[in-house]
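**Student:** Throughout the sequence shown, residue numbering follows our numbering, covering 14 to 427 in sequence.
Sharing a structure, written as structure tokens. Questions coming.
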Amino acid sequence: MQRFVGFVYLEIRMHCHQGQPISIEITVEPHGGIRGRCSRCQQPAPGYDRLPQRRWLFVPLWGIPAYFCYAPRRVQCAEHGVVVEHIPWSDGKRPVTCAMMGFLARWARRLSWRETARAFQTSWEAVYRSVEWFVEWGLSHRELSGIESIGVDEIHWGHGLKADNFLTVIYQIDSGCRRLLWVGKRRSQATLRRGFKVLGPEVVKGLRFVCSDMWKPYLQVIAAQAGQALHVLDRFHIVGHLNRAVDEVRRAESTRLRAKSKESAQRLKHLRWTLLRRGSRVRGRAREKLKALLASKLATARAWELKESFAHFWQYKSVIWAGAFLHGWCFWAMRSRLEPMKKVARMLRSHEPLILNWFRAKGEISSGAVEGLNNKIRVVTRRSYGFRTYKAMEIALYHNLGRLPEPQSTHKFC
Ligand SMILES: [Zn+2]
14 MQRFVGFVYL
24 EIRMHCHQGQ
34 PISIEITVEP
44 HGGIRGRCSR
54 CQQPAPGYDR
64 LPQRRWLFVP
74 LWGIPAYFCY
84 APRRVQCAEH
94 GVVVEHIPWS
104 DGKRPVTCAM
114 MGFLARWARR
124 LSWRETARAF
134 QTSWEAVYRS
144 VEWFVEWGLS
154 HRELSGIESI
164 GVDEIHWGHG
174 LKADNFLTVI
184 YQIDSGCRRL
194 LWVGKRRSQA
204 TLRRGFKVLG
214 PEVVKGLRFV
224 CSDMWKPYLQ
234 VIAAQAGQAL
244 HVLDRFHIVG
254 HLNRAVDEVR
264 RAESTRLRAK
274 SKESAQRLKH
284 LRWTLLRRGS
294 RVRGRAREKL
304 KALLASKLAT
314 ARAWELKESF
324 AHFWQYKSVI
334 WAGAFLHGWC
344 FWAMRSRLEP
354 MKKVARMLRS
364 HEPLILNWFR
374 AKGEISSGAV
384 EGLNNKIRVV
394 TRRSYGFRTY
404 KAMEIALYHN
414 LGRLPEPQST
424 HKFC
């Protein structure tokens, strides 16, 4: 068991009910010859009086819930007056020992919070408070220097499209360290400004690359606050816009054909995923169906071809040639008479310099980093249906993706 300087274990008693052990109580006493310490400055101070006994939940022993029992002293500190002494296994008013909070928090990364609570015979609330303590400790001890590239993104959360259903996330996407730096509610300018404020002006001014989607509030804040960094529009977002446009064309056409005859609508059936996949990865029967579609002169076929041809864009090495390709592609798309494709072309045109920055930053930032972190966030937010509040989910995100430093503990079971 952990040893604390200045304290001794007096006795360990097991409480039973009808022959079954229900709890273990570990009584702790102050060491006779060592003075208590002031809880504010941690300096030894003369004793004043003692408070009633308190209990702290400790790591279970042999599967039985265990408690520390101790009557805290009050000490008279020369500087801070009469205060409660410093108790090394406790943090503030929490009724759980630091060892147990660390223990629960580590398990809460492997199991859901509810399962963690059940496995260690405690409450969901106790798990929540433990993770909260763990995350607060990590956030206040983390190192933010040396951050060169960040990704800014929005995540949809919960049901509906209200402003509160979106989160803004800031990731570090340097090759040596990928982690969640900040998460906040909504996706407005004010949200991102809040995030930058938490990171601090030193971090924001030191950025070399910022990766984001074409979401206007973000573009504005990034331009205003991190103007020195090369701002890159993320490849995976652009591909996402193209895919959505193709799907929109397909759905509209499908409805149109169904109105005419069932038979012609059949040609577009079950093609959704095939159309969203890269052409070279379509095989077998799906390939046959795609070929038939391409020969058909349907709007969906033309949209798909446009999307496919855009993949070539990412192969360029020279910014000038990439720019020329972009012009050509947009010209072609504007003539396609497909409104969703035209919309993408207009969007690409109006963000051309930022899109071309992708080639200027080539090799320096990973295009998959933001996508990968987004997928991980989704895993956590989905598990979050068990989380009762936004706050709980936010804590879980930092806990799982923040790569936070951890408080020292002798109880590292996982
Ligand atoms: Zn003091």
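Quick reminder that beta carbons are idealized off the backbone N, C-alpha and C, glycines included.
At a cut of 8 Å, does the region 362-370 reach the region 338-345 through at least three beta carbon pairs?
**Tutor:** Yes, the region 362-370 is in contact with the region 338-345.
**Student:** Does ligand 1 have a heavy atom nearer than 7 Å to the CB of I99?
**Tutor:** Before going on, a small fix: residue 99 reads as His here, not Ile. Result no, Cβ not under 7 Å from ligand 1.
**Student:** What does the alpha-carbon distance come out to for the pair L74 and Q134?
**Tutor:** Taking the straight line from one Cα to the other gives about 12 Å.
**Student:** Just to confirm the assignment, what range does the alpha helix (DSSP H) spanning A139 have?
**Tutor:** A139 -> alpha helix (DSSP H) spans W137 to H154.
**Student:** In the region 302-376, which residue ranges form an unbroken alpha helix (DSSP H) of at least 4 residues, counting only runs that do not cross its ends?
**Tutor:** The region 302-376 contains these whole alpha helix (DSSP H) runs: 312-323, 332-347, 352-363 and 365-373.
**Student:** Just checking R53 against ligand 1 - is the residue's beta carbon closer than 7 Å to any of the ligand's heavy atoms?
**Tutor:** Checking the Cβ of R53 against ligand 1 gives yes.
**Student:** Below 7 Å, is the gap between the Cβ of Q56 and the nearest heavy atom of ligand 1?
**Tutor:** Yes, ligand 1 has a heavy atom inside 7 Å of this Cβ.
**Student:** Look up I77 in the DSSP assignment and say whether it is helix, strand or coil.
**Tutor:** Three-state DSSP puts I77 in a strand.
**Student:** Considering just the uninterrupted stretch of the alpha helix (DSSP H) at T129, what are its terminal residues?
**Tutor:** Start and end: W126 to A132.
**Student:** Count the C-beta pairs between the region 160-177 and the region 214-221 that are closer than 8 Å, then say yes if the count reaches three, no if not.
**Tutor:** With a cut-off of 8 Å, the region 214-221 and the region 160-177 count as touching, because enough Cβ pairs lie within range.
**Student:** From the DSSP secondary-structure annotation, give me the bridge partner or partners of W195.
**Tutor:** Beta-bridge pairing links W195 to I183.
**Student:** Measure from the alpha carbon of R300 to the alpha carbon of each residue in S349, Y61, K310 and W286, then state which is nearest.
**Tutor:** Nearest option by C-alpha distance: W286.
**Student:** Using the three-state DSSP reduction, which class does I47 fall into: helix, strand or coil?
**Tutor:** DSSP places I47 in coil when its eight states are reduced to three.
**Student:** Does the Cβ of H250 lie closer than 7 Å to at least one heavy atom of ligand 1?
**Tutor:** Flag unset: Cβ of H250 not near ligand 1.
**Student:** Span of the beta strand (DSSP E) holding G94?
**Tutor:** Here the beta strand (DSSP E) through G94 covers G94 to V97.
**Student:** By the 10 Å Cβ neighbour count, where 16 or more other Cβ atoms means buried, how is K425 classified, buried or exposed?
**Tutor:** The predicted position of K425 is uncertain, since its pLDDT is 48 and thus under 50; no value can be drawn from it.
**Student:** Just to confirm the assignment, what range does the beta strand (DSSP E) spanning F222 have?
**Tutor:** Where F222 is concerned, the enclosing beta strand (DSSP E) stretches over F222 to S225.
**Student:** Can you have a look at E92 and say buried or exposed, based on whether 16 or more other CB atoms are within 10 angstroms of its CB?
**Tutor:** Burial call: exposed.
**Student:** Where in the region 223-257 do unbroken runs of the beta strand (DSSP E), each at least 3 residues long, occur, reported from the N-terminal end onward?
**Tutor:** The region 223-257 contains these whole beta strand (DSSP E) runs: 243-246.
**Student:** Under the DSSP definition of a beta bridge, which residues are partnered with L70?
**Tutor:** Partner(s): Y80 and V109.
**Student:** Cα-Cα, which of N256, T181, Q185 and V109 is closest to Y231?
**Tutor:** Considering only alpha carbons, the answer is T181.
**Student:** For L307, tell me which candidate among R391, L284, C111 and R401 has the shortest Cα-Cα distance.
**Tutor:** The shortest C-alpha separation from L307 is found at L284.
**Student:** I need the straight-line Cα distance from C427 to R221, nearest angstrom please.
**Tutor:** Its pLDDT being 41, under 50, C427 is placed unreliably by the model, and the measurement read from it follows with that caveat. Spanning the two alpha carbons is a distance of roughly 37 Å.
**Student:** Using the beta-carbon count (16 or more within 10 Å), is I333 buried or exposed?
**Tutor:** Looking at its Cβ environment, which holds fewer than 16 other Cβ atoms inside 10 Å, I333 is exposed.
**Student:** Please report the distance separating the alpha-carbon of F20 from that of P101.
**Tutor:** Roughly 10 Å between the two C-alpha positions.
**Student:** Give me whichever residues DSSP pairs with Q279 in a beta bridge.
**Tutor:** None, per the DSSP bridge assignment.
**Student:** Using the DSSP secondary-structure output, state which residues sit across from C190 in a beta bridge.
**Tutor:** D187, per the DSSP bridge assignment.
**Student:** DSSP on E38, reduced to helix/strand/coil?
**Tutor:** The answer is strand: DSSP assigns E38 an E or B state.
**Student:** What is the residue span of the beta strand (DSSP E) that R26 lies within?
**Tutor:** Residues F20 to H30.
**Student:** Using DSSP with H/G/I as helix, E/B as strand and the rest coil, what is I168?
**Tutor:** It is a strand residue.
**Student:** Please state whether DSSP places K425 in a helix, a strand or coil.
**Tutor:** Any reading at K425 is ruled out, since the residue's pLDDT is 48, under 50, leaving its predicted position unreliable.
**Student:** Taking buried to mean at least 16 other C-beta atoms within 10 Å of its own C-beta, is M113 buried or exposed?
**Tutor:** M113 should be labelled buried.
**Student:** Straight-line CA distance for A346 to R359?
**Tutor:** Distance between the alpha carbons of A346 and R359 is about 9 Å.
**Student:** At the level of alpha carbons, what is the spacing between R142 and R68?
**Tutor:** Approximately 16 Å between the Cα atoms of the pair.
**Student:** Out of curiosity, what's the CA-to-CA distance linking Y329 and E419?
**Tutor:** Cα-Cα distance, rounded: 44 Å.
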